[in-house]
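In what follows, a single structure is set out as structure tokens and then discussed.
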Amino acid sequence: MSYPLTKEAILQFINEHPVFFLATAEGEQPHVRGLMLFRADETGIYFSTAKTKSLYKQLNKNPLVEICFATPETQIRVNGSLEDLDHDLGLKKEILAARPFMQPWIDAAGFESMAVFRIVNCIAIPWSITNPIGRKRVIPI
Numbered sequence: 178m179s180y181p182l183t184k185e186a187i188l189q190f191i192n193e194h195p196v197f198f199l200a201t202a203e204g205e206q207p208h209v210r211g212l213m214l215f216r217a218d219e220t221g222i223y224f225s226t227a228k229t230k231s232l233y234k235q236l237n238k239n240p241l242v243e244i245c246f247a248t249p250e251t252q253i254r255v256n257g258s259l260e261d262l263d264h265d266l267g268l269k270k271e272i273l274a275a276r277p278f279m280q281p282w283i284d285a286a287g288f289e290s291m292a293v294f295r296i297v298n299c300i301a302i303p304w305s306i307t308n309p310i311g312r313k314r315v316i317p318i
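Counted the way my numbering counts, the sequence shown spans residues 178 to 318.
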């Protein structure tokens, strides 16, 4: 990915590299874990998790997040705020259709055990190995 970056190029990069790392905190203890993107578009960045996880509790306590998508050459950090989309059964079904490996979990626990979030008011902070000490860029997405 080369500079300058556009919103469209960042969204394309994110969708082409769907594994990301999300940072939260519990008290003064930071926590980082890898997650899988559902999709990113002009309406936000979508992902899901289980309501039984500590991640879910941390996200509900502090809706401000930073996530990071990376390849060996490029890193895109994104920060924004969460919207809880728990009410959207259609979106939950869409996620399940795209991820059949989740079916046994939904069969056992039901859709009410699935949490879906959208990150909005996003800004992206890109970094590239081709410009490792370049000026920090902040791009609204």
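Ideal placement from N, C-alpha and C gives every residue a C-beta, glycine not left out.
Fair warning: this is a prediction, and the values are worked out from it, not measured in the lab.
In whole angstroms, what separates the C-alpha of residue i from that of residue j?
| i | j | result |
| --- | --- | --- |
| S258 | P240 | 5 Å |
| D261 | A186 | 26 Å |
| Q206 | L232 | 13 Å |
| L236 | A274 | 25 Å |
| E250 | L268 | 33 Å |
| K313 | W304 | 8 Å |
| T248 | L212 | 15 Å |
| N308 | P317 | 20 Å |
| F215 | G221 | 11 Å |
| S290 | E219 | 27 Å |
| R210 | T229 | 15 Å |
| Y223 | H208 | 20 Å |
| L199 | I306 | 22 Å |
| G204 | K238 | 10 Å |
| H264 | K234 | 17 Å |
| N192 | K184 | 12 Å |
| K270 | I253 | 29 Å |
How about residue i and residue j: are their beta carbons less than 8 Å apart?
| i | j | result |
| --- | --- | --- |
| F278 | H194 | no |
| A227 | A285 | no |
| F155 | I244 | Residue numbering for the chain in the displayed model covers 178 to 318; residue 155 lies beyond these limits and cannot be assessed. |
| S225 | I283 | no |
| A217 | L182 | no |
Could you round the C-beta distance between residue i and residue j to whole angstroms and report it? I think they count as a contact, below 8 Å.
| i | j | result |
| --- | --- | --- |
| T201 | V242 | 7 Å |
| L266 | F294 | Not really, about 15 Å apart at Cβ, beyond 8 Å. |
Specify, as a first and last residue, the run of the alpha helix (DSSP H) that residue i falls within.
| i | result |
| --- | --- |
| D265 | It is not in any alpha helix (DSSP H) - D265 carries neither H nor E in the DSSP assignment. |
| F190 | 184-193 |
Does the CB of residue i have a neighbour CB from chain C at under 8 Å?
| i | result |
| --- | --- |
| E260 | No chain C appears in the structure shown, which is made up of a single protein chain. |
What are the start and end residues of the beta strand (DSSP E) that includes residue i?
| i | result |
| --- | --- |
| F198 | 196-203 |
| S225 | 221-227 |
| S305 | 291-305 |
| I253 | 251-261 |
Per the contact definition of three or more C-beta pairs closer than 8 Å, is the stretch 299-309 in contact with the stretch 274-290? Judged by Cβ distances under 8 Å, the stretch 274-290 makes no contact with the stretch 299-309, as fewer than three pairs qualify.
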